[in-house]
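Student: Next up is a structure, given as structure tokens.
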Amino acid sequence: MLTYLTIFLGVQLLQGLFLWKGYQKAGYKGWQAFVPVWNMLILLKIIERPWWWVFLVYLPVIGNIMVVVMTYEWLHVFNYRKKRYTLLSVVTLGLFAAYVTYLPSTHYVG
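In this text, residue positions in the sequence shown follow the numbering used here: the first is 532, and each later residue adds one.
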């Protein structure tokens, strides 16, 4: 049980580090990216998707698919709309999406 908790908190920390700058650009506080489950609700507000998707994110197999879908939507709200950007983000395991949020020229378009 401790192993699962450690992995969960580690993933939440990485997600917070990857996305906190994007939260700020979207008008939310950066610390909200580090709070487990709450960060997912805020992310869903940013990408303008229903709140109940949070349940799908934490399901074992569906969660992996949802992460790709949400990465696609995350890039869209920052005006990276080409499929190559999504592919690049999936291949780099989300590092490209994090890179996009840290670029000074990137801004939230909704």
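The C-beta atom is built at its ideal place from N, Cα and C for all residues, glycine as well. Computed from a predicted structure; not experimentally measured.
Compare the beta carbon distance of residue 602 and residue 621 with 8 Å and say whether it is the shorter of the two.
Tutor: Result yes, Cβ atoms of residue 602 and residue 621 sit closer than 8 Å.
Student: Judging by CA-CA distance, which residue of 600, 564, 553 is the nearest neighbour of residue 540?
Tutor: The shortest C-alpha separation from residue 540 is found at 564.
Student: Output the boundary residues of the alpha helix (DSSP H) element that contains residue 562.
Tutor: Careful: residue 562 lies outside any alpha helix (DSSP H) and carries neither H nor E.
Student: Are the CB atoms of residue 552 and residue 633 within a distance shorter than 8 Å?
Tutor: Against a cut-off of 8 Å, the Cβ pair of residue 552 and residue 633 comes out as a contact.
Student: Tell me whether residue 580 sits in a helix, a strand or coil according to DSSP, three-state version.
Tutor: Three-state DSSP puts residue 580 in coil, outside helix and strand.
Student: What does a CB cutoff of less than 8 Å around residue 608 pick up in its chain, not counting 5 residues either side in sequence?
Tutor: Taken in chain order, the residues that qualify are 557, 577, 578, 579, 639, 640, 641.
Student: How many angstroms separate the CA atom of residue 619 from the CA atom of residue 606?
Tutor: Taking the straight line joining both Cα atoms gives about 11 Å.
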